[in-house]
Each structure stands twice: as structure tokens, then as C-alpha cells.
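Worksheet: the structure to be examined is printed underneath.
2 protein chains.
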Amino acid sequence: MTSTTSQRHRTGGSKPPPRSPPARKKTSTSLADTGVTTHENVYRGLRNRILFGGVPPGSAVTLRGLAEDMGVSPMPIREAVRRLIAERALKMQDNRRVVVPPMTQDTFEQIVFSRKMLEPELAVRAMDRIGPAEIREIAAIDKTIDRAMAMGDVDAYMQNNFRFHFAIYQRAHCDTLMALVESIWLQFGPFMRMAYGRIGTSTLEDHHQAAIAALERGDRKALRAAIAADIGQGMNFIGEAVLKLST
Amino acid sequence: MTSTTSQRHRTGGSKPPPRSPPARKKTSTSLADTGVTTHENVYRGLRNRILFGGVPPGSAVTLRGLAEDMGVSPMPIREAVRRLIAERALKMQDNRRVVVPPMTQDTFEQIVFSRKMLEPELAVRAMDRIGPAEIREIAAIDKTIDRAMAMGDVDAYMQNNFRFHFAIYQRAHCDTLMALVESIWLQFGPFMRMAYGRIGTSTLEDHHQAAIAALERGDRKALRAAIAADIGQGMNFIGEAVLKLST
DNA sequence: ACGTGCCCATTGTGATCACATTAATCGCGC
DNA sequence: GCGCGATTAATGTGATCACAATGGGCACGT
Chain A
0 MTSTTSQRHR
10 TGGSKPPPRS
20 PPARKKTSTS
30 LADTGVTTHE
40 NVYRGLRNRI
50 LFGGVPPGSA
60 VTLRGLAEDM
70 GVSPMPIREA
80 VRRLIAERAL
90 KMQDNRRVVV
100 PPMTQDTFEQ
110 IVFSRKMLEP
120 ELAVRAMDRI
130 GPAEIREIAA
140 IDKTIDRAMA
150 MGDVDAYMQN
160 NFRFHFAIYQ
170 RAHCDTLMAL
180 VESIWLQFGP
190 FMRMAYGRIG
200 TSTLEDHHQA
210 AIAALERGDR
220 KALRAAIAAD
230 IGQGMNFIGE
240 AVLKLST
Chain B
0 MTSTTSQRHR
10 TGGSKPPPRS
20 PPARKKTSTS
30 LADTGVTTHE
40 NVYRGLRNRI
50 LFGGVPPGSA
60 VTLRGLAEDM
70 GVSPMPIREA
80 VRRLIAERAL
90 KMQDNRRVVV
100 PPMTQDTFEQ
110 IVFSRKMLEP
120 ELAVRAMDRI
130 GPAEIREIAA
140 IDKTIDRAMA
150 MGDVDAYMQN
160 NFRFHFAIYQ
170 RAHCDTLMAL
180 VESIWLQFGP
190 FMRMAYGRIG
200 TSTLEDHHQA
210 AIAALERGDR
220 KALRAAIAAD
230 IGQGMNFIGE
240 AVLKLST
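Taken in sequence, the protein lines are chains A and B. So the first sequence is numbered by numbering that gives the first Met the number 0: it starts at 0 and just counts up by one. So the second sequence is numbered by numbering that gives the first Met the number 0: it starts at 0 and just counts up by one.
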């Protein structure tokens with residue numbers, strides 16, 4: 000699947016001897032070719048897979064393996080992986096092997112702290128730019144979350160939980176803060192998935208309704224508290240499932 | 000010139016028909032070849048240059064240019080630059096040109112906010128691991144800062160100011176938080192240099208003495224306040240110099 | 001003299017090859 | 001049969017080439 004190939008930069012077709020005949024083919028414009036570079040597409044795909052738990056912690060990520068999967072040369076893979084390493088979504092161990100970094104109690108605590116420091120602020124800053132239309136949109140996402148939870152659809156739950164939070168944060172137009180928060184989400188994404196995979200989504204409760212209500216009332220303090228509570232509850236759930244039960 | 004090549008990875012010696020006489024020489028060890036990979040060395044060199052204002056905002060950073068400067072092929076440069084872009088130390092604009100990102104009032108405010116949220120906490124967490132010996136070391140760095148300020152040595156001032164803060168933060172052993180803070184420092188480094196270049200270091204006052212005193216007394220609240228005040232004062236200075244005066 | 005169009009230099013991107021190192025596999029000896 | 005060493009496979013790294021696109025420089029035309 001996804002045998003898609005790159006959109007440009009055909010290298011010569013065959014070529015045992017050094018030189019390569021032109022043999023340009025280009026074209027194709029395969030699919031999803033959103034005009035961006037190949038390594039950008041690779042990056043987004045990989046990023047989403049990590050963010051939503053598609054790459055279990057500890058599993059190896061090889062350049063040539065991904066290259067074959069995505070039908071491109073190892074080159075754009077290298078750039079995408081390097082970028083994800085810089086964002087701490089991946090980690091290169093001393094072996095030079097690339098893996099999803101393991102979670103420790105210390106790291107987890109720092110993640111929780113960072114989230115509680117940054118995300119409520121982001122929500123409050125976004126509040127002024129969130130009107131009735133945006134609130135409706137956000138509430139719709141929350142509805143989707145409820146459906147996913149009821150059906151036990153972990154993937155849909157995670158994706159929409161992400162959409163819920165970032166639909167709010169994004170309105171703050173604070174890209175510097177957003178970059179920090181996105182990096183943090185990338186770091187706990189795989190373990191959120193692991194937690195839901197172990198325990199399921201049925202016992203989940205979030206504070207999204209309280210956040211929506213605070214948005215409607217324009218209550219900054221309540222919004223801040225709702226986001227903080229949501230983070231606390233969600234991260235506590237992950238902590239229990241991942242750090243307490245086995246490893 | 001600089002026909003120099005890397006230290007390993009022989010390229011296939013002869014290559015019959017086509018290209019390029021080998022001309023390898025190894026050379027130089029220009030960059031403190033610490034046994035790590037080439038792109039890691041390139042990364043560190045470039046990172047320091049950015050962090051300490053060696054690359055003025057707006058100036059172009061070209062792959063081949065840097066490659067020639069450092070005597071390596073464009074390849075490790077690409078990885079280092081890609082990493083610095085991910086850390087927001089560099090930015091690739093739509094032209095595909097790589098530059099030190101410009102500073103805006105909004106970005107600046109977010110940087111100040113992030114620093115005030117994260118760095119005092121880092122200092123407090125480090126306090127338990129900072130004994131008399133470490134305090135002596137930190138105080139010595141502060142002495143060096145005073146000397147640099149008196150002599151108007153901007154480079155020495157910036158490097159030792161960095162060393163002062165991170166000598167403290169490092170003891171917290173919080174690498175997740177540290178990564179966030181380092182990314183932030185990379186973003187305002189070039190403008191700190193710009194500010195000092197414009198106004199000089201003579202009018203500077205910091206709160207380092209208060210921080211050292213708080214460390215000696217084990218006074219968490221005072222340490223938090225001293226770090227926050229130092230950030231406030233320093234960033235206000237940069238803000239005045241960079242955002243108010245011209246652009 | 002100024003604007004306009006073309007040409008070439010430069011830049012980032014992608015592919016492929018060569019190499020060093022590490023992991024895995026198999027075979028040999030006990 | 002079971003460990004242990006050598007050989008083989010696989011992986012990340014660096015270099016080089018080819019290509020598309022942008023930008024700047026120069027000549028030409030009005």
C-alpha cells in the first residue's frame with residue numbers, strides 16, 4: 000500500500016554505468032501531493048503515526064525500512080527522522096539506532112509540569128478569538144470524542160482529543176508556545192496509546208464540558224482550571240497505566 | 000582551497016570514468032573532532048554561533064557556503080541545519096532560503112513568558128543538588144561575567160551568562176525541561192547580541208548575586224524570585240534595544 | 001535614462017553509491 | 001548438544017551527481 004512515489008527529481012532510471020540517460024518522467028503528481036517537499040510529507044506521516052501511537056515505544060525505526068514503506072529514497076526519510084529526533088519524538092541511542100524514546104517517571108513528571116504551565120495559558124490567550132462559531136466547532140469535536148469513547152475506538156479518540164485541544168490552542172496565534180506544546184505531545188503520544196490499549200476508553204472522563212462552558216461564559220479562570228484538570232486527569236490515567244502496571 | 004574531506008568514509012577511491020580526483024587529505028581537525036559524527040560537530044559549531052550572536056538575524060545561511068567554510072560536504076550541513084530549524088534556531092522561508100528568524104513583539108513576549116515559567120522552576124529543582132563546591136563554581140562564572148562587562152567584551156559576557164544559567168539548570172537533571180529552555184535561548188540569542196552591540200554591556204545589571212545568595216541560604220522562594228527578576232531585567236533590556244529602537 | 005526580458009549562477013532537494021560499524025547468523029570445535 | 005568465533009547482512013553516515021526553481025545580472029528595446 001501506498002506504493003506512491005515522489006513527485007519530482009527523478010534520477011536517471013537505470014544506470015549501472017556512471018552516467019544516467021535522461022529518462023525523465025516526472026509527472027505523476029501521485030497523490031496527496033500538496034505541493035510540499037517529499038521529506039515534509041514523510042515527516043507529517045511519521046509524526047502522526049507517532050502522535051497517535053502508531054509506533055510502539057521501543058520498536059526500531061530504520062531508514063531503509065521506512066523508505067521502502069513509503070516508496071521514496073532514504074534521503075527524505077533521514078531529514079524527517081532527524082527533525083523528529085530534534086523534536087524529541089524519536090531518539091537515537093548510542094547504537095545509532097532510532098527508537099521511540101522510553102518513558103521514565105522523571106520524564107513523565109516533567110511533561111505533566113510543562114503541560115500545566117503552558118496549555119492553560121494557551122487556552123486563555125485563545126479565548127478572545129473564540130466566538131460562538133468556534134465554540135460550536137469545538138463542541139462538535141467533543142461529541143465525536145464521546146462517540147469514539149463509547150465505541151472503544153482508540154484511534155478516533157486520540158485523534159479527536161488532539162483536535163479538541165489544538166482547536167482551542169491554535170486560536171491563540173502563539174506559534175512559539177505552540178511549538179513547545181507540540182513537542183511535548185509528541186513525547187507522550189505513544190504512551191497515551193499504550194494506556195488506552197491496556198485499559199480501554201470506557202473509564203475515561205474528561206473536563207471538556209467544563210472547558211466549553213467556560214468558553215461560553217468567557218470565564219478565564221474557569222477555563223484555565225478546566226484545562227489544568229483535564230491534563231491532570233488524563234496524565235494521571237496514563238501514568239497509572241504505563242508507569243505503575245509493569246513497565 | 001579547503002579541498003579537505005571528512006575523516007572517514009572513504010569515497011570509493013577511483014571511480015573509473017567520471018568524476019573527480021580523490022584528493023583526500025584528512026587534514027586539520029579544524030573542529031575539535033571529538034569522535035562524534037560530522038554533522039554533530041557542525042551542529043554544535045553552528046549552534047554556538049547562533050546562540051552567541053555570531054549569525055546576525057536576516058543573514059542568509061546557505062548549505063554549500065557553510066560546507067565550504069567548514070570543509071565538509073553539504074550533506075552533514077543539511078542535517079545540522081534541519082535540526083536547528085526544528086529547534087527554531089533557524090527558519091526556512093517560503094523561498095527555501097534559510098535565515099535566522101526575525102523577531103516580533105508577539106514572539107518576544109512568548110519567549111519571556113516561557114522563560115519565566117520554566118527557568119525559575121529549573122533552578123529550584125537544581126537547588127538540592129547544588130552544594131558549596133557548585134556554588135563556588137557558579138560564583139566564579141559570575142566573576143568572569145563582571146570582568147567581561149567591565150571590559151565591554153560582549154562575546155565573553157554572552158558565553159558566560161549562558162554558562163551561569165545552565166550551570167544551575169543542568170543540576171536539576173531535567174532533560175525534558177532543559178530541551179525546551181535551550182530551544183528558547185536559541186531563539187533570542189541573536190537578538191541579545193544585537194542589543195549588547197547597540198547599547199553595550201556597561202549599563203547592565205543582573206540579579207546573579209541575589210541568586211547565589213539564595214543558593215547559599217537554600218531559600219527556594221528567593222532563588223525563584225532572583226531568576227525571574229534576572230530574566231525580566233535582561234529581556235526588558237533586549238526588548239528595548241531591539242524592538243523599540245528602529246527594527 | 002529607465003524599464004523589461006532573457007540568461008546564467010546559485011540554492012535546496014532527491015537519489016545513488018561507498019564505507020564503517022554493529023547486529024545477526026551460521027558453522028566449527030569441544 | 002551446546003557454546004563461541006568468524007562470516008554475512010543490515011544500518012547510519014558522508015559524498016557526489018542531477019534536477020527544479022529562484023534570483024541576480026546584463027543586454028536590449030523603447
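Glycine is no exception: its CB is placed at the ideal position from the N, C-alpha and C atoms.
Taking a Cβ-Cβ cut-off of 9 Å, the neighbours of B/S113 in chain A comprise M116, L117, T175, L176, L179, given in sequence order.
Within a 10 Å sphere around the beta-carbon of B/N160 sit 16 or more other beta-carbons, which makes this residue buried. The distance from the Cβ of B/A212 to that of B/D229 is about 13 Å, inconsistent with a contact at the 8 Å cut-off. A/A122 has a beta carbon lying at 9 Å or more from every beta carbon in chain B. The Cβ atoms of B/R81 and A/R81 sit closer than 9 Å to each other. Our two residues, B/M74 and B/E204, have alpha carbons roughly 43 Å apart in a direct line. Under the Cβ criterion of 9 Å, A/T37 is not counted among the residues facing chain B. At a cut-off of 9 Å between beta-carbon atoms, A/T106 makes contact with chain B.
Taking 9 Å as the cut-off, the beta carbon of B/D141 is found closer than this to the beta carbon of B/Q208.
Against A/Q109, the close residues of chain B are C173, T175, L176, in the order they occur along the chain (beta-carbon pairs closer than 7 Å). With a 10 Å radius around the Cβ and a threshold of 16 neighbouring Cβ atoms, A/H206 comes out buried. For B/F107, the CB contacts under 7 Å within the same chain, skipping 5 residues up- and downstream, are G238, L242 in chain order. Taking the Cα positions, A/Y42 is about 11 Å away from A/I84. Burial check for B/T202: the Cβ neighbour count within 10 Å stays below 16, so the residue is exposed. Put simply, the region 86-94 of chain A does not touch the region 43-60 of chain B. Fewer than three CB pairs are less than 8 Å apart. Counting C-beta pairs with one atom in each stretch, the region 47-63 of chain B and the region 93-100 of chain B have three or more that are closer than 8 Å, which means they touch. For B/R77, the closest Cβ of chain A is nearer than 9 Å.
Per DSSP, the continuous alpha helix (DSSP H) segment holding A/D141 begins and ends at 131-150.
In this structure A/A227 is not in contact with A/A171, their Cβ atoms being roughly 16 Å apart against a cut-off of 8 Å.
Boundaries of the alpha helix (DSSP H) harbouring B/Q104: 104-126, taken from the DSSP string. DSSP places B/G231 inside the alpha helix (DSSP H), whose first and last residues are 219-237. The CB of B/R82 comes closer than 9 Å to the CB of R81, R82, I84, A85 in chain A, given here in chain order.
Between the region 176-185 of chain B and the region 131-138 of chain B, the count of Cβ pairs shorter than 8 Å is below three; the stretches do not touch.
Rounded to whole angstroms, the gap between the alpha carbons of B/Q158 and A/H164 is 38 Å. Inside the region 67-100 of chain B, DSSP marks whole alpha helix (DSSP H) runs of 4 or more residues at positions 73-85, from first to last along the chain.
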